[in-house]
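Enquirer: Quick one: structure below, then a few questions.
There are 2 protein chains.
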Amino acid sequence: MEDFVRNLGCLGFTVRLKRLSDAMIHDGRKLYKELDLDIEPNWYLVFRLLKKHETLTVMEIADKIKMAHPSVIAIVNKMFKAGYITSETSKNDNRKREISLTDKAHKMLPEFEKVWEAGEKGVIRAIENTNTMEMISFLEKVFFEKGFKERTLEELKT
Amino acid sequence: MEDFVRNLGCLGFTVRLKRLSDAMIHDGRKLYKELDLDIEPNWYLVFRLLKKHETLTVMEIADKIKMAHPSVIAIVNKMFKAGYITSETSKNDNRKREISLTDKAHKMLPEFEKVWEAGEKGVIRAIENTNTMEMISFLEKVFFEKGFKERTLEELKT
DNA sequence: TATATTTATGTAGTCAACTACATATTATGG
DNA sequence: CCATAATATGTAGTTGACTACATAAATATA
């Protein structure tokens with residue numbers, strides 16, 4: 002069956018992007034399951050951030066990984082349940098929740114890092130000799146500074 | 002605030018893809034709202050398919066746009082509620098639901114097409130002189146034929 | 001200093017994709 | 001020709017992102 006979306010030209014652009022990223026995230030989840038690792042996709046973002054910065058608040062994490070704060074809360078709560086992070090309210094500011102890795106997290110990190118590094122190598126090998134990462138940077142720049150909606154409205158005016 | 006994900010190299014690849022496609026789809030939804038059009042992102046796939054093929058079943062649509070059939074059912078049901086499609090069970094095969102556009106859909110299509118064309122032009126203008134579409138084709142080819150999971154497992158073995 | 005604003009976190013509800021399962025119908029094959 | 005397999009559709013539940021709203025605490029301002 003031929004792929005109708007691929008024949009849509011640039012109109013299929015967003016659908017194809019979504020299909021690709023959904024497929025990869027789904028595959029990531031299966032990877033952890035298959036390796037019997039008690040982690041989920043995206044946790045590596047928080048693991049690596051906290052490895053680098055010791056303690057961070059919810060908003061600091063959200064800003065750094067450019068996600069909305071409820072998304073961060075969801076990740077962080079699951080990581081807490083899994084025993085990888087602790088949190089306590091800041092002494093200076095009772096609103097803030099200071100989040101850091103547990104001993105269990107530090108103990109497991111080397112094993113996790115092996116998988117993340119393998120994942121990275123796999124991607125590198127898949128896209129070597131292409132400008133894929135530059136293209137993503139370009140797309141981020143272009144569409145975050147002026148979104149799809151605004152661009153379309155401009156075209157409609159002309 | 003610098004973007005931690007962008008400094009992750011290829012490891013941030015999937016997150017960045019998802020961020021991008023989510024942002025664009027979200028923007029698409031806002032576009033229709035702002036133009037006061039009673040349609041949603043992705044409906045254009047079904048509109049265009051049915052414009053070309055007259056009538057199709059759920060599975061035919063799913064195969065053509067490479068989505069799981071429950072996703073198609075969700076889109077089709079909403080389009081039905083909005084009055085853009087009709088469906089009746091096939092005479093040859095009582096399992097099949099033959100879906101086609103209503104008069105309302107045909108009446109509105111020219112207006113919708115204007116917006117879709119503007120959207121396409123906007124994207125074309127944004128990515129002109131880049132090989133973005135070729136890159137997406139490449140990524141689809143590479144990751145659908147051997148997924149992220151499999152690639153990572155291979156790297157782990159070495 | 002008292003009020004208003006901003007900030008940090010949390011909750012609820014939306015959205016679109018998915019898988020897994022359920023049901024009905026058709027096709028197949030012993 | 002009946003039992004089994006395959007196919008078409010539909011439902012339920014999961015996922016991970018989002019916005020909008022709620023609440024509490026800190027900061028700014030009049």
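Line order of the protein sequences matches chains A and B. For the record, in the first sequence the residue sitting at position 10 is 11 according to this note's numbering, with numbers rising by one throughout. For the record, in the second sequence the residue sitting at position 156 is 157 according to this note's numbering, with numbers rising by one throughout. Ideal placement from N, C-alpha and C gives every residue a C-beta, glycine not left out.
Just checking: is the beta-carbon of A/Asn95 within a distance shorter than 9 Å of some beta-carbon in chain B?
Expert: It does not: the Cβ of A/Asn95 has no partner Cβ on chain B nearer than 9 Å.
Enquirer: Pick out whichever of B/Leu36, B/Phe5, B/Val6, B/Cys11 has its Cα sitting closest to the Cα of A/Thr133.
Expert: B/Cys11
Enquirer: Can you give me the Cβ contacts of B/Phe81 inside the same chain, cut-off strictly under 8 Å, excluding the 5 residues immediately before and after it?
Expert: Exclusion of the five residues before and after B/Phe81 leaves Thr87, Ser88 as the residues of its chain whose Cβ lies within less than 8 Å of its Cβ.
Enquirer: With 9 Å as the C-beta to C-beta threshold (strictly closer), list the residues of the stretch 66–96 of chain B near chain A in chain order.
Expert: Residues of the stretch 66–96 of chain B whose Cβ lies closer than 9 Å to any Cβ of chain A, in chain order: Ile66, Lys67, Met68.
Enquirer: Which term fits A/Ala119, buried or exposed, when burial requires 16 or more other beta carbons within 10 angstroms of its beta carbon?
Expert: buried
Enquirer: Starting from the Cα of B/Leu50, find the closest Cα among B/Lys150, B/Val124, B/Ile66 and give me that residue.
Expert: Ranking the options by Cα distance to B/Leu50, first place goes to B/Ile66.
Enquirer: Note down the Cα distance separating B/Ile76 from B/Glu41, rounded to an integer number of angstroms.
Expert: 9 Å
Enquirer: Show which residues of chain A have a CB atom less than 8 Å away from the CB atom of B/Lys31.
Expert: Lys150
Enquirer: Excluding the 5 residues flanking B/Thr15 on each side, which residues of the same chain have their C-beta closer than 8 Å to its C-beta?
Expert: Close CB contacts of B/Thr15 within its chain, under the 8 Å cut and outside five residues either way in sequence, are with Phe149 (chain order).
Enquirer: Quick check on B/Ser101 - is its C-beta less than 9 Å from some C-beta in chain A?
Expert: Not a single C-beta of chain A is nearer than 9 Å to the C-beta of B/Ser101.
Enquirer: Note the first and the last residue of the continuous beta strand (DSSP E) segment covering A/Ile26.
Expert: Taken as a continuous stretch (DSSP letters only), A/Ile26 belongs to no beta strand (DSSP E), being part of the alpha helix (DSSP H) at 14–35.
Enquirer: For B/Asn43, which residues from the same chain have a beta carbon less than 7 Å from its beta carbon, with the 5 sequence-adjacent residues on both sides left out?
Expert: Once the five neighbours on either side are set aside, the close Cβ partners of B/Asn43 are Ile76.
Enquirer: If you check the beta carbons only, do B/Ala24 and A/Phe144 fall under 9 Å apart?
Expert: yes
Enquirer: Is the Cβ-Cβ distance between A/Lys19 and B/Lys147 less than 9 Å?
Expert: no
Enquirer: Which value, in whole angstroms, describes the spacing of the CA atoms of A/Ile62 and A/Met68?
Expert: 8 Å
Enquirer: Shortest alpha-carbon distance to A/Arg98 belongs to which of A/Thr56, A/Gly13, A/Ile137, A/Met109?
Expert: Looking at A/Thr56, A/Gly13, A/Ile137, A/Met109, the one whose alpha-carbon comes closest to that of A/Arg98 is A/Thr56.
Enquirer: Check whether the Cβ atoms of A/Lys122 and B/Glu156 lie closer than 9 Å to each other.
Expert: A contact, by the Cβ cut-off of 9 Å.
Enquirer: Let me make sure I understand the geometry here. Which of B/Tyr45, B/Met60, B/Phe139, B/Tyr33 has the alpha-carbon closest to that of B/His107?
Expert: B/Tyr45
Enquirer: Tell me where the alpha helix (DSSP H) around B/Thr131 begins and ends.
Expert: Here B/Thr131 belongs to no alpha helix (DSSP H), and DSSP marks it neither H nor E.
Enquirer: Would you mind working out which of B/Lys142, B/Glu151, B/Lys92 sits nearest A/Val116, comparing C-alpha positions?
Expert: B/Glu151
Enquirer: Less than 9 Å separating the beta-carbons of A/Leu21 and B/Ile100?
Expert: By the CB criterion at 9 Å, A/Leu21 and B/Ile100 fall outside the cutoff.
Enquirer: Where does A/Arg96 land, buried or exposed, given buried means 16+ other C-beta within 10 angstroms?
Expert: exposed
Enquirer: Mark A/Asp28 as exposed unless 16 or more other C-beta atoms lie within 10 angstroms of its C-beta, in which case mark it buried.
Expert: buried
Enquirer: List the endpoints of the continuous alpha helix (DSSP H) containing B/Leu51.
Expert: 44–54
Enquirer: Going straight from the alpha carbon of B/Leu102 to that of B/Asp4, what length do you get?
Expert: 45 Å
Enquirer: Enumerate, from N- to C-terminal direction, the unbroken beta strand (DSSP E) stretches of 3 or more residues contained entirely within the stretch 87–113 of chain B.
Expert: 98–102
Enquirer: Listing by chain order, which chain A residues have their CB less than 8 Å from the CB of B/Trp117?
Expert: Leu12
Enquirer: By how many angstroms is the C-alpha of A/Tyr33 removed from the C-alpha of A/Gly84?
Expert: 17 Å
Enquirer: Could you give the residue range of the alpha helix (DSSP H) that holds B/Leu154?
Expert: 149–158
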